[in-house]
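Residues in the sequence shown are numbered from 1 upward in steps of one, following UniProt numbering.
All C-beta atoms, glycine included, are put in the ideal place defined by N, C-alpha and C.
Bear in mind that the values here come from a model prediction, so they are computed numbers and not experimental data.
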Amino acid sequence: MYIGGSIFLLALGAILAFAVQDNIQEVELTTVGYILMAAGALGIVVSLIINGQRNQGRRDDLPPR
């Protein structure tokens, strides 16, 4: 999951948690929204960590000046 997908999960979760007032039998939409927001936040953190590690490896491969 990349940063764009994580931002989408955050936005969708916020909509479900704060804006939707509908009732679906046996499904709590507020809880689903919080779960999606947590997954989006975790995805952003993991994506940034992976990008940082990937960029750090490229710096070591450069020849000295």
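- With at least 16 other beta carbons inside 10 angstroms of its own, residue 33 counts as buried.
- Bounds of the alpha helix (DSSP H) holding residue 12 are 3–14.
- Restricting attention to 10, 2, 5, 4, the CA atom closest to the CA of residue 38 is found in 10.
- Residue 52 sits exposed, since fewer than 16 C-beta atoms from the chains shown fall within 10 Å of its C-beta.
- In this structure, the straight-line span from the alpha carbon of residue 30 to that of residue 49 is close to 29 Å.
- Here the alpha carbons of residue 14 and residue 2 stand approximately 19 Å from one another.
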